[in-house]
Amino acid sequence: MKNQLLVKAQVDQKGRLILPPEIASKFGLSPGADVYIDEGNNEVRVIRPVSHLAKVYIEVTNMCNLDCQTCMRNVWDEPSGMMSDQTFEVIFSEVNQMAVKPTVFFGGYGEPLIHPKIIEMVKRFKAIGARVELISNGLLLTEERSLQLIRAGMDLLWVSLDGASPESYVDVRLGSSLPVVLDNLKKLRYIRHKATDIDNSLPNLGIAFVAMEKNIKDLPEVIKLGIEVGATRFSISNVLPHTQELNDQTLYKRSMQNMVGRQNTSVPLVNIARMDWNDLTKDVLAYVYSRKFRLEVAGYELNRALDTCPFVEQGSLSVRWDGNVAPCLPLLHTNQYIYRQQMRKTNNYILGNIRENGLLGIWNSREYVELRDRLQRFQFSPCTFCDGCELSEENIRDCMGNTDLTCGGCMWAQGFIRCP
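If you want this note's numbering, it's the position in the sequence shown, counting the first as 1, plus 28.
In structure tokens, the structure reads:
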């Protein structure tokens, strides 16, 4: 049976596609909006217009109570701080004025539960009808804090869990805290289902897992543990290697080599049906998956370069703790990572400060509108699957003439790194 969420649109007498009003409103398809269409073999995909702000990432702090070896904070030279009341009020006031409220996601490069006013922030956004999500390492998710978040009405809580045993967890998180995190999650589930004065269906729980050679064997057990404590979704990302040690642990070396450009038809197309992965098929399927083919599984292409900014696709922007606005989480802070065996510096890209320009003032600025359009077209050099040159050492220019910001080497845009 088809997805129950499938809805019907109509084509009028002039050949125009008429969408249901609720769909048009949800995705910002207002009269006069410009949209891009992605053409597939049997479908066309209407991409969300870049004019519609649908999600706001809020980094309330870049401070943390852990020192994980995988964290970007280990390789930057940036000041630390907490979001001020004045900065928060600017965000809240402008979101409150929007007819269709964006999703508010508390997260960035710090632990949101450290902020002394995080519960109040969640409450206020929920009171005006916004969907609210938050990501945490789970250490501060005490019984009292869990009850506060539940009563605040938070929709989705993500918890980072990168190992299923104390040994593997300490190897990544650099702290013997796994038992504490799991105990906190068990208490969260108990409170959510036993307290009678609250909506016990919220928050939904998600588990975020960063995969490396040293912990990938733990993934099945992490999923099992997550289900036991009530998780309904799992986000599994590769590690972004900020050091050579982490680069040695990456799981996508061949996948990066096997990427095929979107317009490259000289590479053989292999279209394979769904089939079981077992002792009989695993070696054959491993061969197919590991070669540089244009690979389709049940009609969905796998090895094609995505060339898609997930942050623009979901209509989001990111606000740093000091009020500076970037188009995405990776560009909030200047950092570096190893990419195709060379160090790449990613300079932050700040579009303005909300205390000076306002949230919507920045979103609707000419610079940001043009940038979002450029990101949707994604006309950048194919750095991710190129052998590399000196231009790819920073994100400021490329061989296609882009300057100020280039995204051809972005690991998020090709699906190697994922954020919840």
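Even for Gly, the Cβ is constructed at its ideal location relative to N, Cα and C.
Note that this is a predicted model, so its numbers are computed, not measured.
Item	Value
Rounding to the nearest angstrom, what Cα-Cα distance links A61 and S79 in this structure?	8 Å
May I ask you to list the residues that DSSP assigns as paired with K83?	T131, S344
Hey, quick one: how far does the beta strand (DSSP E) through I235 stretch, first residue to last?	232 to 239
Taking all protein chains shown into account, decide if N70 is buried (16 or more other Cβ within 10 angstroms of its Cβ) or exposed.	exposed
Going by DSSP, what residue range makes up the beta strand (DSSP E) through S188?	184 to 188
I need the straight-line Cα distance from M182 to Y137, nearest angstrom please.	20 Å
Is there contact between the segment 121 to 135 and the segment 156 to 175, where contact requires at least three CB pairs shorter than 8 Å?	yes
Buried or exposed for M428, going by 16 or more other Cβ atoms inside 10 Å?	exposed
Which of helix, strand or coil does DSSP assign to L284?	With the sequence shown as reference, residue 284 is identified as Met, and Leu is not the correct amino acid for it. Correct three-state label for M284: helix.
Taking contact to mean 3 or more Cβ pairs, one atom from each stretch, closer than 8 Å, check whether the segment 237 to 251 and the segment 270 to 283 are in contact.	yes
Please determine whether the Cβ atom of D66 lies at a distance below 7 Å from any heavy atom of the ligand GDP.	Ligands are entirely absent from the displayed structure, and the ligand GDP is therefore not among its contents.
Could you check if W305 is buried or exposed, using at least 16 other CB atoms within 10 Å of its CB as the buried criterion?	exposed
Are E422 and R368 close, meaning C-beta to C-beta below 8 Å?	no
So, with DSSP's three-state summary, where would you put S263?	strand
Between N376, G351, V353, which has its C-alpha nearest L359's C-alpha?	N376
Sort L210, P130, I163, C411 by Cα distance to G258 and report the nearest one.	L210
Can you have a look at M29 and say buried or exposed, based on whether 16 or more other CB atoms are within 10 angstroms of its CB?	Note that M29 has pLDDT 49, beneath the 50 cutoff, so the model's placement of it is unreliable and the number below is only indicative. That one is exposed.
Relative to the C-alpha of P49, which residue among G43, K42, P59 is closest?	P59
Since K245 is in the beta strand (DSSP E), which residue starts that stretch and which ends it?	Looking at the DSSP string, K245 is not in any beta strand (DSSP E), and its letter there is neither H nor E.
Can you tell which of V84, N93, N102, Q38 has the C-alpha that lies nearest to the C-alpha of H361?	N102
Who are the Cβ neighbours of F406 in its own chain at under 6 Å, not counting the five residues just before and after it?	D335
Residues in its own chain within less than 6 Å of L274 by CB, not counting five upstream and five downstream?	V267
Thinking C-alpha only, which one of D350, F444, S263 is nearest E117?	D350
Going straight from the alpha carbon of A180 to that of V250, what length do you get?	28 Å
Leaving out five residues on either side along the sequence, give the residues of the same chain with a beta carbon under 7 Å from the beta carbon of A37.	L45, I46, L47, P48
Taking buried to mean at least 16 other C-beta atoms within 10 Å of its own C-beta, is Q272 buried or exposed?	exposed
Does the segment 161 to 179 touch the segment 131 to 149, meaning 3 or more C-beta pairs lie closer than 8 Å?	yes
Just to confirm, is the Cβ distance from V340 to L433 under 8 Å?	no
When the distance is taken between beta carbons, is C447 closer than 8 Å to C337?	no
Hey, could you find the ends of the alpha helix (DSSP H) Q176 is sitting in?	171 to 180
To the nearest angstrom, how far is it from the Cα of N90 to the Cα of L323?	40 Å
Looking only at C-alpha atoms, which of C414, S409, F444 sits nearest to I424?	S409
Looking at the structure shown, is R368 part of a helix, part of a strand, or coil, going by DSSP?	coil
What number of angstroms, rounded off, separates the C-alpha of A333 from the C-alpha of Q285?	11 Å
Between the alpha carbons of L345 and D311, how many angstroms are there, rounded?	43 Å
What does T89 pair with, by DSSP beta-bridge criteria?	M110
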